[in-house]
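These protein sequence lines map, in sequence, to chains A and B.
Under this note's numbering, think of the first position of the first sequence as 1, with each following residue one higher.
Under this note's numbering, think of the first position of the second sequence as 115, with each following residue one higher.
Every residue gets a Cβ at the ideal spot worked out from N, C-alpha and C, and that includes glycine.
Just so it is clear, the structure is predicted and the values come from calculations on it, not from any experiment.
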Amino acid sequence: DTGVSQDPRHKITKRGQNVTFRCDPISEHNRLYWYRQTLGQGPEFLTYFQNEAQLEKSRLLSDRFSAERPKGSFSTLEIQRTEQGDSAMYLCASRGGGFNYGYTFGSGTRLTVV
Amino acid sequence: AQKVTQAQTEISVVEKEDVTLDCVYETRDTTYYLFWYKQPPSGELVFLIRRNSFDEQNEISGRYSWNFQKSTSSFNFTITASQVVDSAVYFCALSEGGWRGGSNYKLTFGKGTLLTVNP
């Protein structure tokens, strides 16, 4: 068990470009979350998957954002037509069923839009 | 809606001092969970503790202790004899959940407290 992996660790992109991030959860965890953390703030919930089903999306997730979790394994978060306001740390977390299983967070992908 | 308030933005102490980080929460649920996470400069969120709303016992783990008081909706965190390695941002978080079906247990975080421990 290598924990939750996120790729890439850092991404610098020009405004208007599309970017995609990947999250590999702990293999036996069927629940996966994406959070966004801007400078000086706590992480904010973006979206939640249970297996392959996306069960909740925050209003923070504008139309330019899309997340998928094909086959209930890894997940991708895509941002289209990036804006400077998208610059943030994108954190992925996973957990197993029931709440005796705690969250495990990945190290995050830091996005800088220039 | 749930909310977590960490009123202390930054705290600076000298090594070996005790320090308490405050956390006040709001929720309409009777069943919920409270967390503390540590975020060192590397950025990774490190889990410290989880408490459920039915367990108000205080907890001690080494130099760390937590005081949960439902009457004041607070879940404060104390580090005894602080060390330089304790320097980090600390987040308090809340998750609503319980016996009803469909809860996704998403976390609502406070804005964090930056703790600097000076040698």
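**Prompt:** When you compare only the Cα positions, how much space is there between G211 (chain B) and D7 (chain A)?
**Reply:** 30 Å
**Request:** Would you please state the rounded distance, in angstroms, between the beta carbons of N190 (chain B) and D136 (chain B)? I believe it to be under 8 Å.
**Result:** 5 Å
**Request:** Identify each residue in the region 152-165 of chain B for which the Cβ-Cβ distance to at least one residue of chain A is less than 8 Å, and report them in chain order.
**Result:** S156, G157, E158, L159, F161, R164
**Item:** Boundaries (first-last residue) of the beta strand (DSSP E) holding D7 (chain A)
**Value:** 5-7
**Request:** Check each residue of the region 30-51 of chain A: if its Cβ is closer than 8 Å to any Cβ of chain B, include it; give the result in chain order.
**Result:** R31, Y33, Y35, G40, Q41, G42, P43, E44, F45, Y48, Q50
**Supposed contact pair Y147 (chain B) and L159 (chain B) - C-beta distance, whole angstroms, cut 8 Å** = No, L159 (chain B) and Y147 (chain B) are not in contact; Cβ-Cβ is about 16 Å, not under 8 Å.
**Asked** Straight-line CA distance for D63 (chain A) to P70 (chain A)?
**Response** 20 Å
**Request:** Compare the C-beta of N232 (chain B) with all C-beta atoms of chain A and state if any pair is closer than 8 Å.
**Result:** no
**Message:** Here's the rule: buried if 16 or more other CB atoms are within 10 angstroms of the residue's CB, otherwise exposed. What is Q197 (chain B)?
**Reply:** exposed
**Prompt:** In the structure shown, what three-state DSSP assignment does K115 (chain A) receive?
**Reply:** With chain A covering only 1 through 114, there is no way to say anything about residue 115 (chain A).
**Message:** For a test of the three-state rule: what should DSSP assign to S140 (chain A), helix, strand or coil?
**Reply:** Nothing in the structure corresponds to residue 140 (chain A), since chain A is present only between 1 and 114.
**Message:** Within 8 Å of any Cβ in chain A, is that where the Cβ of N172 (chain B) sits?
**Reply:** Not an interface residue.
**Asked** Is the distance from the Cβ of V19 (chain A) to the Cβ of G106 (chain A) below 8 Å?
**Response** no
**Prompt:** Could you give the distance in angstroms between the alpha-carbon of W213 (chain B) and the alpha-carbon of Q116 (chain B)?
**Reply:** With a pLDDT of 47 at W213 (chain B), under the threshold of 50, the modelled position of this residue cannot be trusted, and the question is left open.
**Asked** In chain order, what residues of the region 66-78 of chain A put their CB closer than 8 Å to some CB of chain B?
**Response** none
**Message:** Are the CB atoms of Y103 (chain A) and F205 (chain B) within a distance shorter than 8 Å?
**Reply:** no
**Request:** Report back the beta-carbon spacing between G174 (chain A) and G157 (chain B) to the nearest angstrom; my notes put them in contact at under 8 Å.
**Result:** Outside the modelled stretch of chain A, which goes from 1 to 114, sits residue 174 (chain A), for which no answer is possible.
**Request:** Would you list the one or two residues that DSSP bridges to A115 (chain B)?
**Result:** Its beta-bridge partners do not exist; DSSP assigns none.
**Prompt:** Using a Cβ-Cβ cut-off of 6 Å (strictly less than) and excluding sequence neighbours within five positions of I163 (chain B), which residues of its own chain qualify?
**Reply:** Result list for I163 (chain B): W150, W180, in chain order.
**Prompt:** Cβ atoms of R15 (chain A) and E83 (chain A): under 8 Å apart, would you say?
**Reply:** yes
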